[in-house]
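All residue numbers for the sequence shown refer to the working numbering, where the first residue is 3 and numbers rise by one. Quick reminder that beta carbons are idealized off the backbone N, C-alpha and C, glycines included. Keep in mind it's a predicted model, so treat the numbers as computed, not measured. To start, the structure under review is shown below, and the notes come after it.
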Amino acid sequence: MTERPALFSPFSLRGVTFPNRVVLAPMCQYQAEDGRPTDWHVAHHGRYASSGLGGAIAEATGVSPEGRISPGCTGIWRDDHVAAWQRVTRLYRAQGIPSFLQINHAGPKAATMRPWDGGGPLVEGSDEPPWQTVAPSAVPARDGWRVPRALEVDEMPGIAAAFAEGARRALAAGFDGVEIHGAHGYLLHSFMSPWSNRRSDAYGGDLAGRMRLPLEVARAVREAVPAGTPVLYRASCVDGEGGSLTLDDSVALARELRALGVDLMDCSGGGIPSGQRLAAQKPEPGFQVPYAERIRHETGLPTIAVGMITDPIHANSVIAEGRADLVSMARQFLREPMWLLRAAQELGLEHPSAVMPQLYAFYLRISA
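Here it is in structure tokens:
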């Protein structure tokens, strides 16, 4: 009997068990109606709930209406959002797959068009009018974009409270945990980055000041959910080209998050100022894995590795070599929803079809 591939070993956080190490990464769908996920979301997630996943993270979801990236983004600020999300979480629970909701405030990147409509700021007079965006400083996310309003100090507790309430609603909706979105130029990342955070008060300046709001949010979320609930944090471990957030900064953030009871860092990168290319990085398979590896080794915080991880042998090596605890994919699953079946075959799993739901596995076995 051959040794089970590392990619297909279970992993647990606070008693929540991932049956394998492959996670569906969050993918914005831009198909919500007033924040409510729709039939599109049920179809999207249903495809992956039957694919043998180890876990799933649902898309960036606004903790307030003004925290949405676009008018088509999902929300978790009202009770009717809870019932709508339950249609999604039931799919994963039926297959024993833990699911997480990524809770977000888009900050200076809010009030934008859907990507296929250009992705730029919403314009006055359109069917979907813009709203006031906010940020640590009055610095637009990109050249030519709307100038956000700098948040006042007395508004910070409200931001943390919105994330905490979003986390409570996420659990009511049936998610097993939440992922705080602190990446890609959205509000929490914009506080972390010296490029976008030019404040001189307690929420800016040195690293301790720039970390303050992200840590206050993490503390509020951790306190809002039961002790057995995993809390994840997605970070842009470095800014995009021209930015100034460093991996050293993110290592320091990870240490503080771990001390607060955050359970895992989902290690991405980019988003400030342009997010088009990561500083000093060639986009090749696994190009962001070193972020997850260093944070895991230096802080002891479990990590997810992301970024062009598409080959089963490569994905397995990331886990087997201790570079990360989980790997996540998005576009690869769009191309190949049954990627895990291929991975099981290529890695020599004794019964590859066993990674599928029982019904699929049965038909695959009798047709072999």
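Applying the 10 Å Cβ sphere with the 16-neighbour rule, what's the burial state of residue i?
| i | result |
| --- | --- |
| Thr19 | exposed |
| Tyr293 | buried |
| Pro7 | buried |
| Ser392 | Because residue 392 is not part of the residues shown, which for the chain are 3 to 370, the question remains open. |
| Leu26 | buried |
| Phe364 | exposed |
| Pro228 | exposed |
Taking 9 Å as the cut-off, decide whether the C-beta atoms of residue i and residue j are in contact.
| i | j | result |
| --- | --- | --- |
| Thr231 | Arg16 | yes |
| Ala237 | Leu215 | no |
| Ala163 | Trp79 | no |
| Ser270 | Arg200 | no |
| Thr135 | Gly122 | no |
| Val223 | Val180 | yes |
| Gly48 | Leu93 | yes |
| Asn22 | Leu342 | yes |
| Tyr205 | Ala108 | no |
| Asp241 | Ser202 | no |
| Leu190 | His183 | yes |
| Ala152 | Ala137 | yes |
| Phe177 | Trp42 | no |
| Ala332 | Val320 | no |
| Ser330 | Ile59 | yes |
Reducing DSSP to helix, strand and coil, say where residue i ends up.
| i | result |
| --- | --- |
| Ile182 | strand |
| Asn106 | strand |
| Pro292 | helix |
| Ala363 | helix |
| Pro21 | coil |
| Pro67 | helix |
| Val141 | coil |
| Glu348 | helix |
| Val155 | helix |
| Val149 | coil |
| Val90 | helix |
| Leu15 | strand |
| Gly168 | helix |
Can you name the residues that DSSP bridges to residue i?
| i | result |
| --- | --- |
| Cys269 | Ala237, Ala307 |
| Phe193 | According to DSSP, Phe193 bridges with nothing at all. |
| Ile59 | Phe102 |
| Arg380 | As displayed, the chain neither begins before 3 nor continues past 370, which places residue 380 out of reach and without an answer. |
| Leu26 | Ala58, Met331 |
| Pro123 | Thr114 |
| Gly207 | DSSP lists no partner for Gly207. |
| Arg38 | Glu35 |
| Val136 | Arg151 |
Going by Cα to Cα distance, which pick from the options is closest to residue i?
| i | options | result |
| --- | --- | --- |
| Glu130 | Pro7, Ile71, Thr305 | Ile71 |
| Thr76 | Gln97, Ile99, Leu103, Glu348 | Leu103 |
| Thr91 | Gly57, Asp250, Pro67, Trp118 | Gly57 |
| Arg116 | Glu126, Gln31, Asp178 | Gln31 |
| Asp327 | Arg344, Thr305, Ala346 | Thr305 |
| Leu303 | Gly187, Ala261, Leu124, Met310 | Ala261 |
| His186 | Leu153, Arg144, Ala172 | Arg144 |
| Val264 | Ala175, Trp42, Arg221, His43 | Arg221 |
| Val291 | Pro275, Ile311, Ile274, Trp118 | Ile311 |
| Val233 | Gly168, Gln88, Met194, Phe289 | Gly168 |
| Asp250 | Pro28, Pro354, Val357, Met213 | Met213 |
| Gly146 | Leu173, Lys111, Leu153 | Lys111 |
| Glu61 | Ala34, Arg325, Leu173 | Ala34 |
| Glu68 | Gly176, Ala229, Ala85, Pro132 | Pro132 |
| Pro314 | Tyr365, Pro39, Ala345, Ala175 | Ala345 |
| Val149 | Ala166, Leu124, Val155 | Leu124 |
| Ser128 | Gly350, Pro73, Ser52 | Pro73 |
| Arg298 | Gly54, Gly288, Arg337, Met267 | Met267 |
Between residue i and chain B, is the shortest Cβ-Cβ distance under 9 Å, so that the two count as touching?
| i | result |
| --- | --- |
| Gly54 | Of the protein chains in the structure, only one exists, and it is not chain B. |
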